[in-house]
Amino acid sequence: MVEYASAPGGVEAPGGVEKTWTSGWMWKVSGSLLLLLALGSGAVLFTWFFSGRNPSGQTRAQSGSDRTGESDLQETLSRISSGAKAAVHLEGSCDEEDGGGSGGGQRLRWRADQGQAFDQGGFRLWNGSVVVPRSGLYFVYSQASFRVACGAGPVPVPLSHGVWRHSDSQGGGAPLMSAVRSACRGPAPADGRGWYDAVYLGGVFQLRRGDRLWTETNRPTLLETDDGRTFFGAFAL
1 MVEYASAPGG VEAPGGVEKT WTSGWMWKVS GSLLLLLALG SGAVLFTWFF
51 SGRNPSGQTR AQSGSDRTGE SDLQETLSRI SSGAKAAVHL EGSCDEEDGG
101 GSGGGQRLRW RADQGQAFDQ GGFRLWNGSV VVPRSGLYFV YSQASFRVAC
151 GAGPVPVPLS HGVWRHSDSQ GGGAPLMSAV RSACRGPAPA DGRGWYDAVY
201 LGGVFQLRRG DRLWTETNRP TLLETDDGRT FFGAFAL
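Just so it is clear: in the sequence shown, position 213 is 213 by full-length UniProt numbering, and no numbers are missing.
Structure, rendered in structure tokens:
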């Protein structure tokens, strides 16, 4: 018959041998599980932030909560970036292109001297592109916000926004990430405000020193750039 001896921590060990689970070890296990749960929840929330869709997947008219959520997102990204050794956060502005009167249009210009924009750790803005200071892993992100005046019928208006990379090691420029949304998929709002939509992008990439990053948008004349609604940035991991 096997005898059992009482072991500390309420665990019984066969054959009279004590098998202890110290409180410190138990705390470490509990802490590790909590950390894994927190990281998993954070990943889900982060993916949701950058999915670019509301739960129904439909384009929506602008509301106060939309603006507040996007402002919070920009503030969060700017705060995370400011804690990195190498980081840049730019805000967009729309400038008139020189086109001789009727041939002119708008173009998106990135600025490091307005709102919450900044650059540090060697990042610099050159000719509309962000220049990577050193090789390594970076989180790159961007948001383009649009205001679309829709017609009476549901005629979709495609909105695209993408981040491009030029690398000497790859011999030229190539798209890093991009997305396309469709506005005006339903009747125009009765109040005449038009449809408001945004394209979100974000991902981790291996970049090399001297790489240049820039954005391309198909409808710059529809962009909304007030209060940092359109932004572009990156930070080292």
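For glycine and all other residues, C-beta sits at the position ideal for the given N, C-alpha and C.
Every value quoted in this text rests on a predicted model; they were computed, and no experiment measured them.
Rounded C-alpha distance that separates R134 from K85
Cα to Cα, the separation comes out at about 11 Å.
Checking 8 Å against the spacing of the C-beta atoms, do S178 and P156 come in under that value?
Between S178 and P156, the gap from beta carbon to beta carbon reaches 8 Å or more.
Backbone secondary structure at T217 - three-state DSSP:
DSSP places T217 in strand when its eight states are reduced to three.
Beta-carbon separation (whole angstroms), G162 vs E216, contact threshold 8 Å
At roughly 5 Å, the Cβ-Cβ gap stays under 8 Å, so G162 and E216 are in contact.
Length of the line joining the Cα atoms of E224 and N218
Distance from the CA atom of E224 to the CA atom of N218, rounded to whole angstroms, is 14 Å.
Can you check which of these residues, Y200, A87, V88 and G151, is closest to T230 by C-alpha distance?
Measuring from the Cα of T230, the nearest candidate turns out to be Y200.
Element boundaries [beta strand (DSSP E), containing G162]
First-last of the beta strand (DSSP E) with G162: V157 to S167.
Taking a contact to mean a Cβ-Cβ separation below 8 Å, would you say V132 touches L207 in this structure?
Annotated as proximal: V132 and L207, with beta-carbon spacing under 8 Å.
Take R209 and list the residues in its own chain whose beta-carbon comes closer than 8 Å to its own, dropping the five residues that flank it on each side.
Counting only Cβ-Cβ distances below 8 Å, and skipping sequence neighbours, we find V132, P133, R134 and S135.
Looking at C-alpha atoms only, which residue of G151, H166, W195 and V204 is the closest neighbour of S142?
Closest by C-alpha distance to S142, out of G151, H166, W195 and V204, is V204.
I believe L176 touches L213 by the beta-carbon criterion, under 8 Å. Please report the beta-carbon distance rounded to the nearest angstrom.
Their Cβ separation, rounded to whole angstroms, is 7 Å, which keeps L176 and L213 in contact under 8 Å.
Buried or exposed: where does R165 fall if 16 or more other Cβ atoms within 10 Å of its Cβ makes it buried?
Classification of R165: buried, given that the 10 Å Cβ count is 16 or more.
If you run the structure through DSSP and keep just helix, strand and coil, what is G228?
G228: helix per DSSP, three-state reduction.
Compare the C-alpha of Q125 against each of D197, R109 and F139 and name the closest.
Sequence inspection shows Leu at residue 125; the Gln mentioned does not correspond to that position. Answer by Cα proximity: R109.
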